[in-house]
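Data first, discussion second: the structure below is written as structure tokens.
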Amino acid sequence: MVEVAAERGKQLSSRVSEEGAGWACSQLGTFAQLRPDDRGFSWLKLGTLWRSRNEILAGLFGDPSGQVRARWVAAQEARGIDPEFRIKPPVGGNFSFLLLGDTGEGDASQYAVVPGMLKLGKDTSFAVIASDVIYPTGSGNEYGDKFFRPYKDYDAPIYAVPGNHDWYDGLGGFMRVFCDAPPLKPKPDRGLRGLLWRKPETIDEARLAEARALRGKPSQQAAQQAAQPGPYWVIESDSLLIVGVDTGIRNVIDRRQTAWLRRVSLDPRPKILVTGKPIYTANAYKPSPLEEGGTIDDIVRDPAHRYVAAIGGDVHNYQRYPVRVGDRVIQYVVSGGGGAFMHATHTIERVGVQGVHEDEFRCYPLRGDSLSFYSQLYARRLRMKWLYLTPSEASCIMADRIRNQPVRTPEGPVRITFRMRWAARLLGSWPWPFRLPVDRVFHRYLSELSDWDTPPFFKQFLHMSVTPDELTLRCFAATGCLAQELDPPVEDEVRIPLT
């Protein structure tokens, strides 16, 4: 079914037509009926910013994630978990799984991903969430509408690696839900950081039990019955290892996790790394540092370890960089479009990092669609009609900026004008000191200005098919339109040899 859907999806994607991108949305999808209500949180509220203060404090006074993680791991080992953090689902050499990143805002854009995920994930063995299961602070009291409800009809286990937002609650909610772990005993943290640091919330166990019942089928139970040993793990199969690592708040891998990762990486089977922070993003190289020195990419690149891909969340879009390492290619992927607000792609310069050619690079949404949507968003909210760029205009402007042919053939002739160039500058497609909130720095404080609850959403998820010889990675889009729910578009596909 997936092979047929993928072939059809290629002809329906944003790379082919504006309709495939969701611009001509004649009928809304069913996500509105799935969503429990229209309540959400706003990043513009002082209460939300104050609850999220641990990110700032970790940068100013040091990130305690490594020490706290060591306590969680020690507590899990005392409970008798496998010290090698292995997960062994009942799969053979042929299986498939889903991967989503940055899911948990609980709003329309998260629920818009669900119908396509359920359709194409029907026969998958499990799913993985890469980073930020719950926004804004990883609270165990928010898993009901942001995890259990949206995925209640997915009939297989779900595993996860935490993101920085999951760590704002000291990982308490994450460990309770995925590892069935009791809370850690409080440990005083002296100094200004200890005084200001946000402490974990007390979990309402009755409320959590009610939420768990939404994913109470035996086929779904593994992820909620301590099948996940800790915040990092390895999923084993005959053909492939999926290695999940925990990057904490500030993207540093502690010594104990590093030692485990080195042991796991010696296994002769090919591997995928799943990480909370991508190694390549926005035409830049950002590998997670190891506490002992070096980076996680040193481990990934070692030919003896046989990593074929590294997939990270945290950035809310899709990007793929095929990087040549010696005589092989490693696919470095960003997959953070599982539910949270979109990070712009039109701010990505012409790609050339680590020798990756622009023509080899893939992203979703397309840069032109990203620019057009933000122009529409701000033209409406600022009442500045001149800012608006049609999808065709934005596509041509980005092609002119990146120096390539438009990915999608524009609908009709387009003449780039002075007005269009200035609008693009304000929206960040050119380096410029004055720009509207479109990138990640602005999003940390003003993401609500760049959030929306109507299609197109430009969300995505990955479907991974595994055989002893090959891994097929497909990026499926979720626009929020009914047409794309019925036939999810394939925005990217790559076949990765495993032998």
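full-length UniProt numbering numbers the first residue of the sequence shown as 1 and each following residue consecutively.
Note that CB positions come from ideal geometry on N, CA and C, so glycine has one too.
Since residue i and residue j are thought to touch, with beta carbons under 8 Å apart, how far apart are those beta carbons, to the nearest angstrom?
i	j	result
Leu98	Met117	6 Å
Ala160	Ile129	4 Å
Ile253	Val245	6 Å
Leu171	Pro231	6 Å
Ala394	Ser372	4 Å
Ile249	Glu55	6 Å
By Cβ distance below 6 Å, which residues in the same chain neighbour residue i in space, the five residues on each side in sequence not counted?
i	result
Asp102	Ser131, Asp132, Gly313, His316, Gly336, Gly338 and Ala340
Val91	Ser125 and Ser237
Glu105	Tyr135, Gly339 and Ala340
Pro270	Leu240, Arg306, Val308 and Leu498
Leu482	Gln27 and Gly29
Ile272	Ile242 and Ala309
Tyr378	Leu387 and Leu436
Ser65	Trp167, Gly248 and Ile249
Arg401	Ser429
Val333	Ile311 and Arg320
Lys152	Leu214 and Arg215
Measure the alpha-carbon distance for residue i versus residue j and round it to whole angstroms.
i	j	result
Pro218	Thr48	36 Å
Leu387	Phe458	21 Å
Asn251	Tyr285	13 Å
Glu470	Gln331	13 Å
Arg444	Val329	Its pLDDT being 42, under 50, Arg444 is placed unreliably by the model, and the measurement read from it follows with that caveat. When rounded, the distance between both Cα atoms is 34 Å.
Pro162	Arg421	40 Å
Phe178	Val490	30 Å
Ala226	Asp180	For Ala226, the pLDDT reaches just 44, beneath the cut-off of 50, and the residue's location in the model is therefore unreliable, leaving the point undetermined.
Arg495	Pro468	13 Å
residue 515	Thr247	Only positions 1 to 499 of the chain appear in this structure, which leaves residue 515 out of reach.
Arg176	Leu473	31 Å
Glu448	Val438	Residue placement at Glu448 is poorly supported in this model, since its pLDDT is 46, which falls under 50; the coordinates still yield a value, given next. Distance between the alpha carbons of Glu448 and Val438: 11 Å.
Gly144	Thr202	15 Å
Ser79	Pro200	First, the amino acid is wrong: residue 79 is Arg here, not Ser. For Arg79 and Pro200, the distance between alpha carbons rounds to 21 Å.
Gln376	Thr295	40 Å
Arg403	Arg350	8 Å
Gln67	Met398	45 Å
Glu7	Leu208	41 Å
Arg383	Phe85	54 Å
Out of the options, which one is the CA nearest neighbour of residue i?
i	options	result
Ala282	Gln460, Asp492, Cys363 and Leu184	Cys363
Lys10	Asp487, Ser370 and Pro497	Asp487
Ala477	Leu120, Phe95, Ser65 and Trp72	Leu120
Pro150	Ala32, Pro431 and Pro231	Ala32
Leu366	Asp123, Val4, Arg320 and Val113	Arg320
Val234	Tyr378, Gln331 and Val274	Val274
Asp369	Met342, Leu34, Ala112 and Phe461	Met342
Gly352	Ala206, Ser375, Ala78 and Tyr280	Tyr280
Ile87	Asp63, Ile158 and Lys152	Ile158
Glu77	Pro182, Ala6, Asn94 and Trp23	Pro182
Asp302	Tyr374, Pro36, Pro268 and Gly276	Pro268
Leu462	Cys475, Thr295 and Ser392	Cys475
Leu60	Gly191, Phe95 and Arg15	Gly191
Arg408	Ala6, Arg8 and Ser17	Ser17
Arg263	Ile299, Lys277 and Phe95	Ile299
Ser465	Pro455, Asp453, Glu493 and Thr454	Glu493
Phe361	Met384, Arg324 and Arg383	Arg324
Ala424	Gly412, Pro455 and Pro391	Pro391
If you drop the 5 nearest sequence neighbours on each side, which residues of the same chain put their C-beta closer than 7 Å to that of residue i?
i	result
Cys396	Pro406, Pro410, Val414 and Ile416
Arg256	Ala70 and Val73
Thr258	Leu290, Glu291 and Glu292
Asp204	Asn141
Asp82	Pro229
Asp297	Ile279 and Pro287
Ala112	Gly29, Phe31, Phe457, Lys459, Ala478 and Gly480
Could you check whether the Cβ of residue i sits closer than 8 Å to any heavy atom belonging to the ligand MG?
i	result
Phe61	Looking at this structure, you won't find the ligand MG or any other ligand, since it has none at all.
By a C-beta neighbour count over all protein chains shown, 10 Å radius and 16 as the cutoff for buried, is residue i buried or exposed?
i	result
His357	exposed
Lys146	buried
Trp50	exposed
Phe418	exposed
Glu3	exposed
Gln220	buried
Glu485	buried
Ala127	buried
Gln224	Here Gln224 scores only 43 on pLDDT, less than 50, and its place in the model should not be relied on; the value that follows carries that caveat. Answer is buried; the Cβ neighbour count reaches 16.
Gly216	exposed
Asp166	buried
Asn164	buried
Leu12	buried
Lys385	exposed
Looking only at its own chain, which residues have a Cβ that is under 8 Å from the Cβ of residue i, when we skip the five neighbours before and after it?
i	result
Val441	Only weak support exists for where Val441 lies, its pLDDT of 48 falling under 50; the value from the coordinates is given anyway. So the list is empty, once near-sequence residues are dropped.
Leu196	Arg53 and Leu57
I want to see whether chain D comes within less than 9 Å of residue i, judged by CB atoms only; does it?
i	result
Pro182	Any reference to chain D falls outside this structure, which holds one protein chain only.
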